[in-house]
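Here is the structure we will look at, set down as structure tokens.
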Amino acid sequence: MGYDFVVSGRIWSKGNFLDGEIAVKDGIIQEVKPHINFIHKIDFGNKVILPAGIDMHVHFREPGMTYKETIESGSISAIYGGLSTYVDMPNNVPPTSSIDAIQDKLSIMEKHSYADYGVYAFIGGKGVVKKLSVYVDAFKIYLAPSTGNIVLNNPEDLKEISIELADSKKFCVVHAEDSASFGPFKEHTLEGYSAYRSCQSEKVAIEKILSLYSDSFHIAHVSCPSNADLLKGKSFEVTPHHLLLNYNMPLGTFGKVNPPLRSEHDRDLLMEKFVNNEIPILASDHAPHSLEDKDVPFDKAPSGIPGVETTYPLFVNLAKKSKVPLEVLINALCINPARKFGINGGLIEKSKEASFAVFDLHQAKTIKGKHLHGKSEWSPFEGFEAIFPTDVFIRGIHVIKNGFVNANHSGKRISKI
Ligand code: NCD
Ligand code: ZN
Ligand code: ZN
7 MGYDFVVSGR IWSKGNFLDG EIAVKDGIIQ EVKPHINFIH KIDFGNKVIL
57 PAGIDMHVHF REPGMTYKET IESGSISAIY GGLSTYVDMP NNVPPTSSID
107 AIQDKLSIME KHSYADYGVY AFIGGKGVVK KLSVYVDAFK IYLAPSTGNI
157 VLNNPEDLKE ISIELADSKK FCVVHAEDSA SFGPFKEHTL EGYSAYRSCQ
207 SEKVAIEKIL SLYSDSFHIA HVSCPSNADL LKGKSFEVTP HHLLLNYNMP
257 LGTFGKVNPP LRSEHDRDLL MEKFVNNEIP ILASDHAPHS LEDKDVPFDK
307 APSGIPGVET TYPLFVNLAK KSKVPLEVLI NALCINPARK FGINGGLIEK
357 SKEASFAVFD LHQAKTIKGK HLHGKSEWSP FEGFEAIFPT DVFIRGIHVI
407 KNGFVNANHS GKRISKI
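In short: position in the sequence shown from 1, add 6, done, that's the numbering used here.
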């Protein structure tokens with residue numbers, strides 16, 4: 007058979023490991039079998055081959071704040087983290103909320119992205135969905151201020167927006183915090199920040215969305231276990247930082263994020279739900295800020311922490327240690343986001359895109375912010391153990407080879423409109 011190449015290793019396919027081989031042609035998986043007759047094989051031996059990850063929540067800051075991150079630096083960081091695809095949020099300068107702004111961002115991505123990409127447009131009021139839906143992959147609404155300060159002008163418009171979304175067949179990610187429910191900001195610490203932007207304020211915002219009885223919404227970065235319970239059966243995501251960090255850790259402003267880090271008890275309960283497969287999606291909410299931007303008094307520091315490169319490696323390490331079932335991780339970082347965006351990936355099976363990441367489970371490393379490839383050069387997970395991929399393929403392109411970038415701006419848009 008005329009394949010382009012065949013890889014061998016321990017392949018995660020159909021929910022199990024298969025010691026076998028994957029044949030690839032034109033970027034598509036042709037066969038997954040114990041043995042394939044072919045001369046040109048890339049033999050990964052004992053390494054595991056997992057579907058590449060899909061991160062549906064990143065802020066690559068271009069245009070507008072390119073000293074914090076660019077499409078190029080963010081997407082290089084993504085592929086070093088075993089991802090094939092990211093979807094970029096609209097809180098840029100200017101915000102991605104017009105046809106021109108969307109097209110500008112897409113043309114930067116086409117020239118500079120190393121990973122496959124999609125874009126969100128932000129909804130500031132009625133009429134936006136109708137106007138922009140053919141240009142974007144999905145939408146974003148902020149119910150409370152976060153970086154960029156682009157809050158939905160009039161929350162009364164939500165009902166109308168949900169009807170527009172249903173007509174457009176596009177969905178909308180919601181930053182669910184209710185600013186009217188914020189408490190007083192007394193203690194300028196991570197714990198004080200959590201008391202201020204509380205679980206209650208997250209709950210009020212989520213209930214607002216649930217009261218619309220619409221399937222067009224997806225709740226971003228749910229931070230409290232009780233709120234994850236409210237969302238049973240709905241589309242929502244959690245972040246690695248809410249699963250792994252708490253407000254008692256000595257992170258200072260480097261742990262300041264919206265919604266805030268919670269108590270160790272809440273973190274533990276949220277992780278338990280993740281492990282039990284009760285949370286459909288894991289997304290980084292990669293929100294980089296420079297060291298200088300963050301190294302200021304607590305109330306002056308911007309919210310947001312980087313994570314696109316560390317998500318998959320942190321969780322592959324937890325899977326190796328049997329703390330998170332691999333199946334749960336693949337559901338949350340590969341299969342479910344692929345379904346949400348209609349991407350023909352997320353699985354290593356015949357006729358899917360040949361996008362996979364290769365991990366040597368015997369090579370755990372300690373995360374060091376300055377060794378990561380994004381621009382911020384710090385990580386709230388400094389010192390955590392992680393397993394980074396040695397090789398990554400996107401649609402058959404060998405973008406990371408033996409630990410180094412091996413492609414050039416070969417990212418493609420996830421959907422052609
Ligand atoms: C994000 C950012 O910096 O863009 N910050 C954050 O704290 N999560 C915005 C957001 O997702 O709310
Ligand atoms: Zn947000
Ligand atoms: Zn975000």
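For each residue, glycine too, the CB sits at the ideal point set by N, CA and C.
Please read all numbers here as calculations on a predicted model, not as lab measurements.
Span separating the alpha-carbon of tyrosine 199 from that of alanine 226:
19 Å
Run the proximity test for tyrosine 148: is its beta-carbon closer than 8 Å to any non-hydrogen atom belonging to ligand 2?
yes
Quick one: is lysine 175 buried, meaning 16 or more other Cβ sit within 10 Å of its Cβ, or exposed?
exposed
Use the C-beta contact count for glycine 417: other C-beta atoms within 10 angstroms, 16 or more gives buried, fewer gives exposed.
buried
In whole angstroms, what is the alpha-carbon distance linking asparagine 414 and tyrosine 120?
6 Å
Can you tell me where the alpha helix (DSSP H) with methionine 277 in it begins and where it stops?
270-281
Distance cut-off 8 Å: asparagine 264 Cβ against heavy atoms of ligand 2
yes
Proximal residues to alanine 370 (C-beta, below 6 Å), its chain only, five neighbours per side dropped:
Asn323, Glu391, Ile393
Per the DSSP calculation, histidine 194 is bridged to which residue(s)?
BP columns for histidine 194 are empty, so no partner.
Three-state secondary structure (DSSP) of valine 140:
coil
Three or more C-beta pairs closer than 8 Å, one from the segment 355-370 and one from the segment 28-35: is that the case here?
yes
Between which two residues does the beta strand (DSSP E) harbouring lysine 91 extend?
Looking at the sequence shown, residue 91 is not lysine but threonine. Segment 89-94, the beta strand (DSSP E) holding threonine 91.
Going by DSSP, what residue range makes up the alpha helix (DSSP H) through phenylalanine 347?
342-347
For ligand 4, is there any heavy atom lying closer than 8 Å to the beta carbon of histidine 118?
This structure lacks ligand 4; the ligands present are ligand 1, ligand 2 and ligand 3.
Please find out if some non-hydrogen atom of ligand 1 comes closer than 8 Å to the beta-carbon of isoleucine 34.
no
I'd like to confirm something about aspartate 94: is its beta-carbon nearer than 8 Å to some heavy atom of ligand 1, or not?
no
Which first and last residues belong to the alpha helix (DSSP H) in which serine 232 is found?
231-236
Rounded to the nearest angstrom, what separates tryptophan 18 and isoleucine 354 at their Cα positions?
7 Å
Roughly how many angstroms lie between the CA atoms of tyrosine 425 and histidine 181, to the nearest whole one?
In the structure as shown, the chain begins at 7 and stops at 423. Residue 425 is therefore absent and cannot be evaluated.
One or two residues paired with valine 125 in a DSSP bridge:
Asp94
Beta strand (DSSP E) segments (min. 3 residues) lying fully within the segment 311-382
362-365
If you compare alpha carbons, which of Thr396, Tyr123, Pro266 is closest to isoleucine 60?
Tyr123
Between which two residues does the beta strand (DSSP E) carrying histidine 41 extend?
Neither: histidine 41 is in no beta strand (DSSP E) and is coded neither H nor E.
CA-CA distance, threonine 328 and lysine 111?
According to the sequence shown, residue 328 is serine rather than threonine. Near 40 Å, if we compare the C-alpha coordinates of lysine 111 and serine 328.
Let me check you understand the geometry: is the CB of serine 152 closer than 8 Å to at least one non-hydrogen atom of ligand 2?
yes
Can the beta-carbon of alanine 211 be found less than 9 Å from the beta-carbon of serine 229?
no
Other residues of its chain near isoleucine 105: CB distance less than 8 Å, five sequence neighbours each side excluded
Lys137, Leu138, Tyr141
Got a sec? Which residues, its chain only, sit under 8 Å from valine 281 by beta carbon, not counting five neighbours each side?
Lys329, Val330, Pro331, Val334
Can you tell me whether alanine 182 sits near ligand 3, meaning its C-beta is under 8 Å from at least one heavy atom of the ligand?
no
Per DSSP, arginine 419 is paired with what?
Tyr123
Lysine 238 classed as buried or exposed, judged by whether at least 16 other C-beta atoms fall within 10 angstroms:
exposed
Report the partner residues of aspartate 308 according to the DSSP bridge assignment.
The sequence shown places proline at residue 308, not aspartate. Bridge partners of proline 308: none, in fact.
Sub-9 Å separation of serine 83 and glutamate 315 beta-carbons:
yes
Output yes or no for whether 9 Å exceeds the beta carbon distance between serine 241 and phenylalanine 223.
yes
Is histidine 247 near ligand 3, with its Cβ less than 8 Å from a heavy atom?
no
Quick one: what's valine 426 bridged to in DSSP?
Here the chain comprises residues numbered 7 to 423, so residue 426 is not present and cannot be evaluated.
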